[in-house]
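Visitor:
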Amino acid sequence: MAKLVLGDITNITGNESSATATINANNQSTEDALENTLSRDGTSPNEMNADFDMNGYDIINAGTINAEACFIDGQDIASFVGAEGPPGPQGPPGSNGTNGEDGEDGAAATISVGTVTTGSAGSNVIVTNVGTTSAAVLDFTIPRGDTGAQGIQGIQGIQGPPGTNGTGVVSSIVAGTNIAVDDTDPENPIVSVTGLDATDISFTPTGNIAATDVQDAIEELDTEKQAASANLTEWSGLNPSANAGSLVTAADYSAMRTLLSLVPGTNVQAYDATLAALAAYNTNGILVQTAADTFAGRTLTGPAAGISVSNGNGVSGNPTLALANDLSALEGLASTGIAVRTTTDTWAQRSIVVTASTGLAITNGDGVGGNPTLAGVDASDVAKGVVELATAAEAILGTDAVRAITPATLRAATREILKADRTYYFRSDGSDTNDGLANTSGGAFLTAQKAIDTIVATLDTAGYIVTVQRGDAAAYTSSILFKPWVGGGQIVLDGNGQAFTVTGNSAIRASGVLPGEVVVQNLTLSTITSGNCLNMQAIGKMIVRASVVFAVCAGTHVVAEGQGAFVQFMNNYSITGGANRHYASLHGAFIQNGAGSLVFTLTGTPAFSQRFAYANNTGKIEFWGGCSFSGAATGTRYTIEFNSTCNVGGGGVNFFPGNVAGGTATGGQYG
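Under our numbering, the first residue of the sequence shown is numbered -3, with each subsequent residue one higher.
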């Protein structure tokens, strides 16, 4: 391919038409030159099939250069190369290499005990390895412990054999004295001393004896002995029994009483003042104690009439009581019925009866089967009587022409008109048989639906706010349906910060024509399998207030459907899970923010499989006053179709989250 010279392309100046014609005429030449000069497909190194002349400055197809030196216009290319720069910083460590192969198993280590030595008390235990790391030999030094407690006395050993007779020394024997020992019985030897005068035996006195030798001691005893007497002689001749001897030797009178079994209060009656008083009592009649140790005689007497008494003091026999007068007459009644006194001491029996056509009826007129009961019969146009109380059903239906009604029945048949705001509670441990007015297991409802049904069926809210409050910290799994009620005002569903997760249905629904506003706050909404989080199909207004979180939803987070259905956001809220759509305004419904500068926060980049915002069939979506979304999402941003409108207050085509551009169709308007 011949080289292309830029000078060959001429006449590219002038008017637009001539310049364009020149470039078009040379287009193929330009393309061929570039393809032969620079690689267009990115291969490396680029190969040049021809030189590219740029008015004297050429890109030369030099091919591969293998030379010790290269010159351009007589100058070494190396001169164009700058000096070598300093080394760059060390790069990050490379990844670890693969592990090497496992080595062979080493020999098993051994441990043995060397010496065990007792150390001094209070010292530390010392363990010393006198072997090697693979064949350890451990020497132990164990400190001596404290001396233990003395053990128990051992049993007595057997008696040893008799010992040999010892040798003795007798000294200081008076002259003429002989000592002899008779050891015929070795265990009881007899020692005899002869030729010894009593005065020659001395000893140390003890007790009441003052003498220091045997002779003086005998004389002292002689002066102290009891003189003989007839009494002693007589006593010495007695031979008393063991019992008599025990009495003689008793220590005192108390011991003698014990020996004789005469102990007062145990063997014999001790003295008692009450018994003494009874012994002194000497009066006929019924014995009565009037005070401590004081007794008197009494006699039974009867009243003036009704009871007679015979033998009242009991002296001649048992006292006898008998009925008299009226009591005797009553006792003589033989038939049944109400007892009446007809004259003195005379009684008869009667029954209560009613006259026909008086409007009264009697039950148990004689009182035998129970209390007599009077009741009014039903009044009519032709009969007297009393007006019967209406039942609750009769009060509600009005099926009887003549009925009286109690205040309680009247209240049950009519709506309660509120005089102030009210709160109904529902808890996981409540019951739908409770009244819902207390936040306790015995007061709260089990379900939110029971609270709403109670409002619908029994209240005239009179413009007041009725709150349906989650009373405990427990998740809720039942669908909730708001229905028309009486009296306007607001019904507020407060979730107490809990998760409301419903399977197979919408979490919160509304239908019919609502007389007031439905408010949702303080909860996290989610659906599983199918269903929307908020499904507003009623003619009326649903307000989303503070602390609402839209989690994963099988359908659409917020749906407003039908002419007159209106969903309004008054506070910031969060989106933590994806859905088919976040907003859907259908068939003339309206979705709008009710306060400016709201921020709706997305976390975790939730995905919306159809689109984030959707309106069809004249549905309307409107955001004004600087509202915005924080965070990102995936999916189409919006679809507005079939004469629906979406006004984002100048927020532009990227106002709604998503990563695919939105669009309009069939008369839809977005701006």
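Note that beta-carbon positions come from the ideal geometry of N, C-alpha and C, so glycine has one too.
Does the distance from the C-beta atom of D428 to that of T463 stay below 9 Å?
Guide: Not a contact, by the Cβ cut-off of 9 Å.
Visitor: Taking only three categories from DSSP, how would you classify A440?
Guide: Looking at A440 - three-state DSSP - the assignment turns out to be coil, as it is neither helix nor strand.
Visitor: My understanding is that A320 touches A292, with C-beta atoms under 8 Å, so please give their C-beta distance in whole angstroms.
Guide: Going by Cβ atoms, the distance from A320 to A292 rounds to 28 Å, so no, they are not a contact pair.
Visitor: Which value, in whole angstroms, describes the spacing of the CA atoms of G668 and D431?
Guide: Since the first and last residues shown for the chain are -3 and 667, residue 668 lies out of range.
Visitor: With a CB to CB cut of under 7 Å and the five nearest residues on each side skipped, what residues in its chain are close to M252?
Guide: L243, A246.
Visitor: State the start and end residues of the unbroken beta strand (DSSP E) segment that holds E557.
Guide: Note, E557: beta strand (DSSP E), 552 to 557.
Visitor: Below 8 Å, can you find three or more Cβ-Cβ pairs linking the segment 325 to 336 to the segment 304 to 317?
Guide: Touching, no.
Visitor: Within the continuous beta strand (DSSP E) that includes V109, where are the two ends?
Guide: Note, V109: beta strand (DSSP E), 106 to 115.
Visitor: Hey, would you say N589 sits closer than 9 Å to G621, going by beta carbons?
Guide: Yes, the Cβ-Cβ distance between N589 and G621 is below 9 Å.
Visitor: Here's a check: name, in chain order, each residue in its chain whose Cβ is nearer than 7 Å to the Cβ of L255, leaving out the five neighbours to either side.
Guide: Only S242, L243, A246 meet the Cβ criterion.
Visitor: Give a yes or no on whether the C-beta atoms belonging to I535 and G508 are separated by under 9 Å.
Guide: The answer is yes: Cβ separation under 9 Å.
Visitor: Quick check: the segment 447 to 457 against the segment 496 to 503, are at least 3 beta-carbon pairs closer than 8 Å?
Guide: Too few Cβ pairs lie closer than 8 Å, so no.
Visitor: For the structure I just gave you, are there three or more beta carbon pairs, one from the segment 259 to 266 and one from the segment 280 to 296, closer than 8 Å?
Guide: As far as the Cβ criterion goes, the segment 259 to 266 does not touch the segment 280 to 296, which means the pair count is below three.
Visitor: Since T254 is in the alpha helix (DSSP H), which residue starts that stretch and which ends it?
Guide: Segment 249 to 255, the alpha helix (DSSP H) holding T254.
Visitor: Buried or exposed: which applies to L442, given that a residue is buried once 16 or more other Cβ atoms fall within 10 Å of its Cβ?
Guide: With 16 or more other Cβ atoms within 10 Å, it is buried.
Visitor: What three-state label does DSSP hand T454 in the structure shown?
Guide: In the structure shown, T454 sits in a helix (DSSP, three-state: H, G or I).
Visitor: Taking the beta strand (DSSP E) that E618 falls in, what are its first and last residues?
Guide: Run containing E618: 616 to 618, per the beta strand (DSSP E) assignment.
Visitor: Report the residue from R607, V656, S570 whose alpha carbon sits nearest the alpha carbon of G627.
Guide: Of R607, V656, S570, the residue nearest in Cα terms is S570.
Visitor: Classify R633 as buried or exposed, calling it buried when 16 or more other Cβ atoms lie within 10 Å of its own Cβ.
Guide: Flag for R633 reads buried.
Visitor: Between V305 and chain C, is there a C-beta pair that is closer than 9 Å?
Guide: Looking at the structure shown, chain C is missing, and only one protein chain is on hand.
Visitor: Beta-carbon within less than 6 Å of A661's beta-carbon, same chain only, minus the 5 sequence neighbours each way: which residues are those?
Guide: Here the set comprises E637.
Visitor: By the three-class DSSP mapping on this structure, what secondary structure does V244 have?
Guide: The answer is helix: DSSP assigns V244 an H, G or I state.
Visitor: Using the beta-carbon count (16 or more within 10 Å), is G467 buried or exposed?
Guide: By the neighbour-count rule (16 or more Cβ atoms within 10 Å), G467 is buried.
Visitor: Locate the alpha helix (DSSP H) running through D322, then write down its first and last residues.
Guide: Unbroken alpha helix (DSSP H) run through D322: 321 to 327.
Visitor: Looking at the unbroken alpha helix (DSSP H) that takes in A685, where does it start and where does it end?
Guide: For residue 685 there is no data in the structure shown, the boundaries of the chain being -3 and 667.
Visitor: With DSSP as the reference, label T599 as helix, strand or coil.
Guide: It is coil, neither helix nor strand.
Visitor: For my contact list, V595 and S624 are in at a C-beta cut-off of 8 Å; report their separation, rounded to the angstrom.
Guide: Contact holds; Cβ gap of about 6 Å.
Visitor: My output table needs one value for Q146: the three-state DSSP class, helix, strand or coil.
Guide: Coil, per DSSP.
Visitor: Distance check for K446 and A585, CA to CA, integer angstroms please.
Guide: Looking at the two C-alpha atoms, the distance is approximately 29 Å.
Visitor: Relative to the alpha-carbon of I476, which residue among I487, I448, G484 has its alpha-carbon at the smallest distance?
Guide: Nearest C-alpha to I476: I448.
Visitor: Given that a residue counts as buried once 16 or more other Cβ atoms are within 10 Å of its Cβ, and exposed if not, what is P85?
Guide: When all chains shown are included, P85 counts as exposed.
Visitor: In the DSSP assignment, the alpha helix (DSSP H) including A275 goes from what residue to what residue?
Guide: Taken as a continuous stretch (DSSP letters only), the alpha helix (DSSP H) holding A275 covers 269 to 276.
Visitor: For A21, I'd like the list of residues in its chain whose CB is within less than 6 Å of its CB, leaving aside the five on either flank, ordered along the chain.
Guide: If we look at A21 and ignore the five residues flanking it on each side, it has no Cβ neighbours.
Visitor: Secondary structure at Q24, three-state DSSP: helix, strand or coil?
Guide: Here Q24 sits in helix by DSSP.
Visitor: Rounded to whole angstroms, what's the CA-CA distance from R36 to T601? Just pull it up for me.
Guide: Model confidence at R36 stands at a pLDDT of 49, short of 50, so the residue's coordinates are unreliable and nothing is read from them.
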